[in-house]
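Visitor:
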Amino acid sequence: MYQKLMTCLESVRKKTDFKPEIGVILGSGLGDYADEITVEAAMNYTEIEGFPVSTVAGHKGRFVFGYAGEIPVVIMQGRVHYYEGYPMSDVVLPTRLMGMLGARKILLTNAAGGVNENFKPGDFMMITDHITTGIPSPLIGSNIDELGVRFPDMSEVYSKRLQEVIRNAAVTCGIGLQEGVYVQLTGPNYETPAEIRMCRMWGGDAVGMSTACEAMAARHMGLEVCGISCITNLAAGVSDKKLDHKEVQDTADRVSAEFKRLVTEVIVNM
Ligand code: HPA
-5 MYQKLMTCLE SVRKKTDFKP EIGVILGSGL GDYADEITVE AAMNYTEIEG
45 FPVSTVAGHK GRFVFGYAGE IPVVIMQGRV HYYEGYPMSD VVLPTRLMGM
95 LGARKILLTN AAGGVNENFK PGDFMMITDH ITTGIPSPLI GSNIDELGVR
145 FPDMSEVYSK RLQEVIRNAA VTCGIGLQEG VYVQLTGPNY ETPAEIRMCR
195 MWGGDAVGMS TACEAMAARH MGLEVCGISC ITNLAAGVSD KKLDHKEVQD
245 TADRVSAEFK RLVTEVIVNM
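Each residue of the sequence shown is one higher than the last, beginning at -5 in this note's numbering.
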């Protein structure tokens, strides 16, 4: 796996020597944030040797290198999901690659279903912690000693310092902010109402099909992590409504201007 990562790294380095400070992963429907930055270089995932290539509609699939304000960032426009059939080690490869490219801090974003009954579609939720009981750990298999230790601590996956940065950014932008625990399940099907009740009993506030595995891989290699979910819909059984990807996309579109302002304010203060 480390060899594969090094091959990807060399492949990127042939194209650009840009050194990002911050890595950003853009979730479903949130991909056009990449238009906000001053682009220095971009690379389609298909151009990177050995890189797992995303298949979901609405996920563009490229790294964008550039400046958000003065801050050098690498943005993943489109991520790799476990439900696409890749092993977890491939799902978190791009996250690890961002770390190897130089990013020491990482902002994860996603579209998620609202499990907490006080949430409504269009809310933003700062991730305070996560539950990954429903997925295999991305760290299963021989440990990559070059990246981190065999048994990494997960007691503060989402940095308290960066949580404070996000709270302040939301106030500065005049944008409401929920906080809560993100539960990652495999997808690609949406959950059943019983599964959502289970998530709630576990202590979850939002549910999705990404992010927590990336956060784990990032912590494994010592990156400072934070995350924001866009609550695009009420999770199954919270309302009578059936779930579909169009609602997820429509809500993400509706709040995208606010989302972009919030993300920029977070990045420049990270
Ligand atoms: N469940 C899982 N993933 C999601 C959801 C959901 O309700 N909404 C957006 N991503």
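C-beta atoms are modelled at their ideal positions from N, C-alpha and C, and glycine is treated no differently.
#1: Whole angstroms are fine: how far does the CA of P146 sit from the CA of M119?
#2: What distance in whole Å lies between the Cβ atoms of P132 and A211, which are believed to be in contact at a cut-off of 8 Å?
#3: How long is the line joining the alpha carbons of G52 and Y152, rounded to whole angstroms?
#4: Do you know how far the Cα of F59 is from the Cα of G96?
#5: Here's a check: name, in chain order, each residue in its chain whose Cβ is nearer than 6 Å to the Cβ of A164, leaving out the five neighbours to either side.
#6: If you reduce the DSSP assignment to three classes, tell me which class V201 lands in.
#7: Would you check whether the ligand HPA has a heavy atom nearer than 8 Å to the C-beta of L24?
#8: Would you kindly work out how many angstroms separate the C-alpha atoms of A106 and R144, rounded to a whole number?
#9: For the alpha helix (DSSP H) that Y(-4) lies in, which residues bound it at each end?
#10: Which class does I134 belong to by DSSP, given the choice of helix, strand or coil?
#11: Can the beta-carbon of Y184 be found closer than 9 Å to that of A246?
#12: Exposed or buried, which one is K99 when buried takes at least 16 other CB atoms within 10 Å?
#13: According to the Cβ coordinates, are G108 and Y176 closer than 9 Å?
#14: Given M94, which residues of its chain have a CB within under 6 Å of its CB, disregarding the five upstream and five downstream residues?
#15: Could you tell me which residues DSSP puts in a beta bridge with M195?
#16: List the endpoints of the continuous alpha helix (DSSP H) containing H214.
#17: Please state whether DSSP places N183 in a helix, a strand or coil.
#18: Within a Cβ cutoff of 7 Å, which residues of the same chain sit near R213, ignoring the five residues on either side of it in sequence?
#19: Do the stretch 182 to 200 and the stretch 121 to 136 touch if we need at least three Cβ pairs shorter than 8 Å?
#20: Mind checking I134: buried by the 16 CB within 10 Å criterion, or exposed?
#21: How many angstroms separate the CA atom of I121 from the CA atom of M203?
#22: Taking its Cβ as the centre, do 16 or more other Cβ atoms sit within 10 Å of R90, making it buried, or is it exposed?
#23: Looking at Y27 and I65, is the spacing between their C-beta atoms short of 9 Å?
#24: Does the ligand HPA have a heavy atom nearer than 8 Å to the CB of Y184?
#25: Below 8 Å on the Cβ atoms is my contact criterion, and I expect I261 with V67 to pass it. Report the Cβ-Cβ distance as a whole number of Å.
Guide: Put simply:
#1: In a straight line, the C-alpha of M119 is about 26 Å away from that of P146.
#2: Right, the Cβ-Cβ distance comes to about 5 Å (below 8 Å), so this counts as a contact.
#3: Because G52 sits at a pLDDT of 49, beneath the cut-off of 50, its placement in the model cannot be relied upon, and the point is left open.
#4: Spanning the two alpha carbons is a distance of roughly 12 Å.
#5: Around A164: L171.
#6: Looking at V201 - three-state DSSP - the assignment turns out to be strand.
#7: Not one heavy atom of the ligand HPA sits closer than 8 Å to the Cβ of L24.
#8: One C-alpha to the other measures close to 30 Å.
#9: For Y(-4), the uninterrupted alpha helix (DSSP H) run begins and ends at Y(-4) to K9, by DSSP.
#10: DSSP places I134 in coil when its eight states are reduced to three.
#11: Pairing Y184 with A246 gives a Cβ-Cβ distance that is not under 9 Å.
#12: Answer is buried; the Cβ neighbour count reaches 16.
#13: Not closer than 9 Å, so no.
#14: Excluding positions up to five away in sequence, the list reads L3.
#15: None; M195 has no bridge partner.
#16: Per DSSP, H214 belongs to the alpha helix (DSSP H) from A206 to H214.
#17: Three-state DSSP puts N183 in coil, outside helix and strand.
#18: Only P146, M148, V151 and V219 meet the Cβ criterion.
#19: Three or more beta-carbon pairs separated by less than 8 Å link the stretch 182 to 200 to the stretch 121 to 136, which places the two stretches in contact.
#20: Under this definition I134 is an exposed residue.
#21: Taking the straight line joining both Cα atoms gives about 14 Å.
#22: Flag for R90 reads buried.
#23: Cβ atoms of I65 and Y27: not closer than 9 Å.
#24: Yes, Cβ of Y184 sits closer than 8 Å to a heavy atom of the ligand HPA.
#25: Yes, they are in contact, since the Cβ atoms of I261 and V67 sit about 6 Å apart, within 8 Å.
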